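Written below as structure tokens is the structure these notes are about.
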Amino acid sequence: MDPKRFGFLIDPIYDAHETEEEHPECARRIRAIQAGLDSHRFGPMFKRFQAGSADMDAIQLVHSKEYIQEFRSACQSGLSYFHSYDNCISEGSFEAACHAVGGVLGHLEAVMAEEIDSGFCAIRPPGHHAERNKAMGFCYFNNVAIAARYLKSRYSVEKVLIVDFDVHHGNGTQHIFEEEPSVFYFSVHEHPSFLFPGTGRRSEVGIGAGKGFTLNVPMPPSTGDDRVLPAFDYALEQITEVFKADFVLVSAGFDAYEHDPLAHLNFTEKAYEHFGRQIGAYARAFSKGRVISVLEGGYFLPKLGDLCMAYIEGLVHTL
Ligand SMILES: [Zn+2]
């Protein structure tokens, strides 16, 4: 595809979510991605976006009014944590989280208005661990889950595929959609181990009408490209047989990288380019090339920008 038809959202508003010294989910992550973007040959070609704030109705597509209010109050009253010691907050965290959701929804709107064909949202805080009414694992609002609901409610998009290649299982996203046959959740992640959050077994396949629309591909510690790439391809083939999505959302986490400090998988840059190519091929075949990727984890800052760009290069090549 023409890189000029690819959107890239990056915004200094996310600095407002301050975490304590040494916390891996820090504002420097977005600067690392900015550096990767600036040094890549595609960087100047992408259509740049900044984030608007999401309105409360959109966030309430997934989270309750009470939960949203509780999070807002915690930030306003100067608390340092919300729901667990993993979840640092600052006065600006609520605003940043609303702009994370808003950034992603703005990107969806740009795709639906055909201003761009697909795009990447370098947002924080991340979202895939956030449950309906519980903050977990550095996540407060489930950005991708809200995006899926928004596509369905605002644009009547029927079928959404969510691909999650963050090293951690996206417990929140799985739980939100596990009873629904119209949103397919596919996750590849590290497991079994003591790794957070502990969900994501192969036996978790969805519930009731949603049975068969959740696919978990757990990878044991030390797994590298040689094992994950065929497993990823095989899983996408399986999905192709049962689910042809109208839109693809990606929880793009880069913490399965070999030097990431938070986990024990050994993916290289090549794996992320491969994911991009394969997701792009699926989207081109079934979803009119519509893929929005949303940043989740990724904590090895010297390479984070390169990993994002390798993934995007794979996507752009194929779409
Ligand atoms: Zn992660």
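Quick note on the numbering used here: the sequence shown kicks off at 24 and runs consecutively.
Quick reminder that beta carbons are idealized off the backbone N, C-alpha and C, glycines included.
Quick caveat: nothing in here was measured; it's all calculated off a predicted structure.
How about residue i and residue j: do their beta carbons lie closer than 8 Å?
i, j, result
"residue 317", "residue 166", "yes"
"residue 357", "residue 142", "The structure shown does not extend to residue 357, since the chain is modelled only from 24 through 342, so no value can be given for it."
"residue 77", "residue 134", "no"
"residue 203", "residue 236", "yes"
"residue 194", "residue 215", "no"
"residue 65", "residue 336", "yes"
"residue 81", "residue 131", "no"
"residue 256", "residue 320", "no"
"residue 96", "residue 41", "no"
"residue 209", "residue 171", "no"
"residue 248", "residue 293", "yes"
Are there 16 or more other CB atoms within 10 angstroms of the CB of residue i, so buried, or fewer, so exposed?
i, result
"residue 71", "exposed"
"residue 85", "buried"
"residue 99", "exposed"
"residue 301", "buried"
"residue 119", "buried"
"residue 245", "exposed"
"residue 62", "exposed"
"residue 231", "exposed"
"residue 282", "exposed"
"residue 186", "buried"
Residue i lies in the alpha helix (DSSP H); which residues open and close that run?
i, result
"residue 341", "324 to 341"
"residue 193", "Run containing residue 193: none; DSSP gives neither H nor E here."
"residue 132", "116 to 135"
"residue 80", "79 to 82"
"residue 166", "166 to 178"
"residue 96", "88 to 99"
Could you give the first and the last residue of the continuous beta strand (DSSP E) run that contains residue i?
i, result
"residue 237", "237 to 242"
"residue 110", "107 to 111"
"residue 317", "314 to 318"
"residue 30", "29 to 32"
"residue 64", "No beta strand (DSSP E) holds residue 64; DSSP gives it neither H nor E."
"residue 71", "70 to 72"
What residues match up with residue i in a beta bridge as DSSP calls it?
i, result
"residue 154", "157"
"residue 185", "208, 272"
"residue 14", "Since the first and last residues shown for the chain are 24 and 342, residue 14 lies out of range."
"residue 141", "29"
"residue 104", "111"
Any idea what DSSP makes of residue i, helix, strand or coil?
i, result
"residue 264", "helix"
"residue 213", "strand"
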